[in-house]
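Take the sequence shown: its letters are residues 38 to 1080, numbered as in our numbering.
In this text, a Cβ means the ideal position worked out from N, Cα and C, and glycines have one as well.
What you are looking at is a predicted structure, and each value in this text was computed from that prediction instead of being measured.
The block underneath contains the structure these notes are about, expressed in structure tokens.
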Amino acid sequence: MGASLTRAAQWTTASWEGGELEAPPPMNDFLLGEILRFAETFDSRHPREAEHVFKEPLQWRTALAASDFKTGYDIRNSDVQSREKDGDGRPLLQLCPPAVSVRSFGQLSKLLQLAGDKKLGEVRACLQENRGLVAKILGRRFADVLEDAGGRSGAQSLAGAEAEVELFLLLQSVDERLLEQSLRGTPELDPAAVRAEVELLQRLCDEGERRALKSVRHTSDYEFSNGHSAPPGGQQHMDICNLIIEPCDTETLHVTCSTAGVFLTKQGQEGGSERTSDVFRDLVALLKSRSPHFAASIKQDFAVRELPSARGTRHVESVEAEERGQRHGPREPQEKNAPEKARVQRGPHRAGGKKKYEPCPRWTSLRRSSSNGEMKEPMSGDLHKRKAGLGAKGKMKGELSVSSVPAGLSSQKIKTPAGGDVFNESSSESEEEEEEPERCPESNVDLPSEYWQIQKLVKYLKGGDQTATVLTLCALMDFSLMQETCQLAIRDVGGLEVLINLLDTDEVKCKIGSLKILRKICHNVQIRQAIVDMGGLQSIVAILDSPVKELQALAAETVANVARFRRARRIVRQYGGIRKLVKLLDCVSGLAKLTAKNQERDVEVARCGALALWSCSKTSRNKEAIRQAGGIPLLGRLLKSPHKNMLIPVVGTLQECASVENYRIAIQTEGMIKDLVKNLSSDNDELQMHCASAIFKCAEDKQTRDLVRQYRGLQPLVALLSKADNKHLLAAATGAIWKCSISPENVTKFQEYKTLESLVGLLIDQPEEVLVNVVGALGEFAQIPANKVTICKSGGIKSLINLLTGTNQALLVNVTKAVGACATDTYNMAIIDQLDGVRLVWSLLKNPSADVQRSAAWALCPCVENAKDAGEMVRSLVGGLELIVTLLKSTNTEVLASICAAVAKIAKDKENLAVLTDHGVVPLLASLTNTTDNRLLCHLAEAIGRCCMWGSNRTSFGDAGAVPPLVHYLKSKDSAVHKSTVMALYQLSKEPNNCITMHRRGAVKPLIHFMGSDDAALQEYSAGCVRNIARLAQANRDTLLYV
38 MGASLTRAAQ WTTASWEGGE LEAPPPMNDF LLGEILRFAE TFDSRHPREA
88 EHVFKEPLQW RTALAASDFK TGYDIRNSDV QSREKDGDGR PLLQLCPPAV
138 SVRSFGQLSK LLQLAGDKKL GEVRACLQEN RGLVAKILGR RFADVLEDAG
188 GRSGAQSLAG AEAEVELFLL LQSVDERLLE QSLRGTPELD PAAVRAEVEL
238 LQRLCDEGER RALKSVRHTS DYEFSNGHSA PPGGQQHMDI CNLIIEPCDT
288 ETLHVTCSTA GVFLTKQGQE GGSERTSDVF RDLVALLKSR SPHFAASIKQ
338 DFAVRELPSA RGTRHVESVE AEERGQRHGP REPQEKNAPE KARVQRGPHR
388 AGGKKKYEPC PRWTSLRRSS SNGEMKEPMS GDLHKRKAGL GAKGKMKGEL
438 SVSSVPAGLS SQKIKTPAGG DVFNESSSES EEEEEEPERC PESNVDLPSE
488 YWQIQKLVKY LKGGDQTATV LTLCALMDFS LMQETCQLAI RDVGGLEVLI
538 NLLDTDEVKC KIGSLKILRK ICHNVQIRQA IVDMGGLQSI VAILDSPVKE
588 LQALAAETVA NVARFRRARR IVRQYGGIRK LVKLLDCVSG LAKLTAKNQE
638 RDVEVARCGA LALWSCSKTS RNKEAIRQAG GIPLLGRLLK SPHKNMLIPV
688 VGTLQECASV ENYRIAIQTE GMIKDLVKNL SSDNDELQMH CASAIFKCAE
738 DKQTRDLVRQ YRGLQPLVAL LSKADNKHLL AAATGAIWKC SISPENVTKF
788 QEYKTLESLV GLLIDQPEEV LVNVVGALGE FAQIPANKVT ICKSGGIKSL
838 INLLTGTNQA LLVNVTKAVG ACATDTYNMA IIDQLDGVRL VWSLLKNPSA
888 DVQRSAAWAL CPCVENAKDA GEMVRSLVGG LELIVTLLKS TNTEVLASIC
938 AAVAKIAKDK ENLAVLTDHG VVPLLASLTN TTDNRLLCHL AEAIGRCCMW
988 GSNRTSFGDA GAVPPLVHYL KSKDSAVHKS TVMALYQLSK EPNNCITMHR
1038 RGAVKPLIHF MGSDDAALQE YSAGCVRNIA RLAQANRDTL LYV
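This is the structure we're talking about:
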């Protein structure tokens, strides 16, 4: 119930997240009543979904008592628990007055049925104390919930995922219905009414001593085409304008006028203003409540009835004038970011000026509805048809599509041409990704002659017969349609609508001409969005099934250009476009025919199909749809094509999809690595870039790294480093080298090609995307001792240290790893210390990124271990030890493991250990002993063992309860955990009380077993620990004998 509660409900404070539902407003009563009816009957209407267990329980202060509950509950005194429990044994309903906790809709329904007259109050309390209901019911991100469900085995987890999907769609449908009903029953302010009221208030400021106000002014001088002057961010929250009003008797007021009403905001708050007052029906009501002087002036000199009724008034004259392109009011629309010559001029039209062509009504209404953030629903559920008006002489069909399925519907069921019902996801996908704010229609500006010529041709396109239409389309193609002026000329006069309508005719020539024009003009962001909003993309997808090859190729290329934002890509998938595009890849029956002249058209169809799949593959669901449609084997077959223009989109699609593990496995099994390596030697830079990028993503798997080496792909990758001017190619090549160098066998091959020296040379004057990959490769190369010397001699250490001052988190992770690898050499460590590298690495522990903290801590371990005077070096870092101890409070297991490893190294110095003890390292380490992570266990036990060597730390560890968990670690199957744990127990066993705890916890038997280990250190620590326990036992026996 997110949108209905945030937009329709009224709260006591500006933000619904911090206030309470106001009791008087009837809208709140309506919403509460509807939500009550929905929840109370949920278990009977949706029994399957009612069993779903919430991710987090709904908790609130209830007025119910134990006496209100009947059968099906365990009642103990005033506490109540349901007999129904979740998978972890927790009751689905638990009452501990005055708090109640509910974990399913089934129990929520039963509670409301038992509440009787109190049910409305229970719903109100539940909504006020549980914000973000969908997040609590289904999880923070529904995609993550589905992935978690899919990761488990068994049919039950699959059924659970389906129930969650159905519950999600059900909640969303109810939310939309509530919002629609609430908004339909609520009168709204409109820009014309607000403008008229502001003008009247401004006249009240010119009455001298009798004036009611000092001033009324707008915060912005720009007015958008929809009549709003609020910033785009504010318009998303239905804001109309922002005003600054100076009353005569009180402080300056910052007012926001929205479609929901008028309210005060914080100073400087624009773009989704934060409300600081109640919502008033108009400006007069707000000012009367804030300014007694204004209220008295209005009552004395003016009749309030003379002010326009801001609520429910539509101002027909203004709306009609706006549709004709005429603007009323003191502030004309002006595009904020457009150059001066393209801005809309203020003032009346001059006589003798050029004729002004205005947008068609469909475009005007489309822009107005789009600017409000949603599309209006079409007249009927089916696609509305109307006559094209192209003449009776032609043989074309007269019914053409002029409307589309609304983009705003999120969970309604819609019919698609692909057959069957689909649910339009509400999704985490941002529908406006890559779309820019729309421009206002250009008017009264100096436009080139092509603009007016195109608009004249569009007039012929609207009214001509079949022959005239074809000739007009040919004439339009003679213009430079890649220029923005020509593109907007077609759009502004309604030509875009006609071009889309032509796609629904039976005349092939008209379709071809329309697609050739749409293919070019849809490079414009606004045109792409308009095509999708008008329903044109569905028509284009339908043409993919055409038997005419040229139409298929043009439609696929147009899809490739339009599907550059997520909403368009989703529409392609929902209307069966993915399956149709994959089918186009199969139009070439054999490789031998690729070079034949009569097969050029088939090759072009396959190329355009691959190009469209490339655009669509940027969405994760589309990647899966391509795989399910059988696209991988077809892409693998086309990868063997000798045509470079075919290979580029094919490899581009593969490298885009290679981020998914299923695709990486398929690329291996289908033998595509060999072809990717082969194309690395192409003379086309773009093809080389995509091949290297595909290898970069696929080389996460060891088998792929081995195949690249086996097919001799390492040397071509190194050769690409010479093309340093092409930064995109360089980033792809260095990324592939980085991932391939994870395998030591590949590093050995790279050494033969002098790759290391080339990589060190790329550490200077390169973009960050290149540096991340170069430094990552150096970190892998530095794992071999000989390469550390080469890095030092080539000046690589200084360059790496200089990169430690950057802000790119991925780069910092790789740099610290490389510095840490180099620091394992004592000579390199001396240079790092001399260049102040240790201080820079230590300072990265303050970085907010857990990955950077972890990598920096691991890098400090070899630095501290190999420094000449490590103790003094660490103490010279002011606040360094305190920072290390503070990070032991982190919630990230990887960070804790690395910090424990660093503590173990630092604690070798007695003075540093004393400082760590003073900062409270002992209780923090002891608090971590209940972990089950083997990597953390290993380093934690080592840190405890090192910290035992100061003062009474052994006793403190025993008192903090660290000994029993350590004894439990002896059951681990990890040999590294055994060694560090036995070392820690040996140190702790020097305290008698700890020996007693070890003996009681059964430590002696596994310690005796470890005494037979092949590891000499493990033998020694085990024997020493057993000896200390035995000595204590012998001392106790001697004491008893003498007593």
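Annotation: the continuous alpha helix (DSSP H) that includes residue 1001 extends over 1000-1006. A distance below 8 Å between beta-carbons, with the five flanking residues on each side excluded, links residue 317 to the following residues of its chain, in chain order: 298, 299, 300, 323, 326. Counting every other CB atom within 10 Å of its CB across the protein chains shown gives residue 124 a total below 16, marking it as exposed. In the three-state scheme derived from DSSP, where H, G and I count as helix and E and B as strand, residue 644 is classed as helix. Three or more Cβ pairs closer than 8 Å define a contact, and the region 110-122 falls short of that threshold against the region 71-87. In this chain, residue 804 is not harboured by any beta strand (DSSP E), its DSSP state being neither H nor E. At the C-beta level, residue 250 and residue 294 stay beyond 8 Å of one another. Here DSSP, grouped into helix, strand and coil, assigns residue 229 to helix. Taken through DSSP and simplified to helix, strand or coil, residue 660 comes out as helix.
Within a 10 Å sphere around the beta-carbon of residue 862 sit 16 or more other beta-carbons, which makes this residue buried.
Between residue 489 and the set 527, 498, 878, 604, the nearest pair of CA atoms involves 527. Within its own chain, the residues whose Cβ lies closer than 7 Å to the Cβ of residue 686, once the five positions on either side in sequence are excluded, are 644, 647, 648, 651, listed in chain order.
Bounds of the alpha helix (DSSP H) holding residue 1032 are 1029-1037. Within the region 887-913, the complete alpha helix (DSSP H) runs of at least 4 residues fall at 887-903, 907-912. Contact between the region 1009-1020 and the region 986-995 is absent: fewer than 3 CB-CB pairs across the two stretches fall below 8 Å. Between the C-alpha atoms of residue 1017 and residue 976 there is a straight-line separation of about 7 Å. Contact between the region 817-827 and the region 781-799 is present: 3 or more CB-CB pairs across the two stretches fall below 8 Å. Residue 302 is bridged by DSSP to 312.
Residue environment analysis places residue 843 among the exposed positions, since fewer than 16 neighbouring C-beta atoms fall within 10 angstroms of its C-beta.
In this structure, the straight-line span from the alpha carbon of residue 1023 to that of residue 1031 is close to 10 Å.
Shown here, residue 885 sits in coil according to DSSP, grouped into three states, outside any helix or strand. C-alpha of residue 719 to C-alpha of residue 176: approximately 48 Å in a straight line.
Contact check for residue 673 against residue 707 passes: the beta carbons are separated by less than 8 Å.
The beta carbons of residue 594 and residue 638 sit no closer together than 8 Å. Membership of residue 727 in the alpha helix (DSSP H) is indicated by the continuous run 722-735.
Selection 972, 802, 610, 812 evaluated against residue 774 yields 812 as nearest (Cα-Cα). Remark: C-beta atoms of residue 145 and residue 103 do not approach each other more closely than 8 Å.
Here residue 967 really is in contact with residue 1002; their C-beta atoms are around 6 Å apart, less than 8 Å. According to the DSSP assignment, residue 111 belongs to the beta strand (DSSP E) that extends over 110-113. Out of 142, 564, 122, the CA that lies nearest to the CA of residue 521 is found in 564.
Residue 762 is classed as exposed because its beta carbon has fewer than 16 other beta carbons within 10 Å across all chains shown. Residue environment analysis places residue 120 among the exposed positions, since fewer than 16 neighbouring C-beta atoms fall within 10 angstroms of its C-beta. Annotation: the continuous alpha helix (DSSP H) that includes residue 547 extends over 545-558. CA-to-CA, the gap between residue 1000 and residue 869 works out to about 39 Å. In the DSSP assignment, residue 712 falls within the unbroken alpha helix (DSSP H) covering 709-716. Between the beta-carbon of residue 701 and that of residue 743 there is about 14 Å, and that puts the pair past the 8 Å contact cut.
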